[in-house]
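Heads up, the sequence shown is in the working numbering, so the first residue is 331 and it goes up one at a time. Written out below as structure tokens is the structure these notes cover.
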Amino acid sequence: FTNLHDVEMASRQTKYDTLSPAEQQKQEAWAQQKIRATGVCPAGFHWIRVPGGYNCAAGAHWMSDELVAEGRGRFYGI
Numbered sequence: 331f332t333n334l335h336d337v338e339m340a341s342r343q344t345k346y347d348t349l350s351p352a353e354q355q356k357q358e359a360w361a362q363q364k365i366r367a368t369g370v371c372p373a374g375f376h377w378i379r380v381p382g383g384y385n386c387a388a389g390a391h392w393m394s395d396e397l398v399a400e401g402r403g404r405f406y407g408i
């Protein structure tokens, strides 16, 4: 990441479940912005929040909170 805000938000991504609802909302907005920058999943579906990360809407790909925090746009095929 290129700025301090992104570094701070990335460090909080892996602690998403422990954040207050208001902080989760801010974190989700940041994460969705970063995920949108990497694009949709290879099958063309959007990412949906699930416990521990994000699934593509088709259920074929998964991006953990750790991968979101890395900011490299990586994901797992499931």
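All C-beta atoms, glycine included, are put in the ideal place defined by N, C-alpha and C. Computed from a prediction, not measured in an experiment: that's the story for all the values here.
A Cβ-Cβ separation of about 12 Å leaves M393 out of contact with F375 under the 8 Å criterion.
Our two residues, D347 and G382, have alpha carbons roughly 8 Å apart in a direct line. If the five residues before and after G407 are omitted, its C-beta is found closer than 7 Å to the C-beta atoms of A390 and H391, all from its own chain and listed in chain order. With respect to C371, A388 sits close: the two C-beta atoms are nearer than 9 Å.
In the structure shown, V370 falls within a coil segment according to DSSP collapsed to helix, strand and coil.
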